[in-house]
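Numbering (our numbering), first residue to last: 256 to 308. By construction, the Cβ of each residue, glycine as well, lies at the ideal position given by its N, Cα and C atoms. One structure is given below, encoded as structure tokens.
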């Protein structure tokens with residue numbers, strides 16, 4: 256099952272039948288304790304929170 260990024264319609268196809276937008280998986284990525292990109296995600300989060308404070 257996929258969800259259209261543009262209109263939010265659920266479909267089984269890669270392209271939304273309603274608007275023609277890209278359909279992606281609505282599920283979050285799998286959790287892994289050996290996350291190779293976790294360091295970069297945390298750095299980005301710290302930088303963005305520092306800008307708001």
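Classification of residue i by the beta-carbon crowding that lies within 10 angstroms, buried from 16 upward
| i | result |
| --- | --- |
| residue 308 | Since pLDDT at residue 308 reaches only 47, below the 50 mark, its modelled position is unreliable, and the value read off the structure follows with that caveat. The residue in question, residue 308, is exposed, as its Cβ has fewer than 16 Cβ neighbours within 10 Å. |
| residue 304 | exposed |
| residue 271 | buried |
Rounded distance between the beta-carbons of residue j and residue i, thought under 8 Å
| i | j | result |
| --- | --- | --- |
| residue 294 | residue 277 | Contact flag wrong, Cβ pair sits at about 29 Å. |
| residue 279 | residue 258 | 6 Å |
Reference residue i, options the options, closest by Cα
| i | options | result |
| --- | --- | --- |
| residue 281 | 305, 269, 302 and 291 | 269 |
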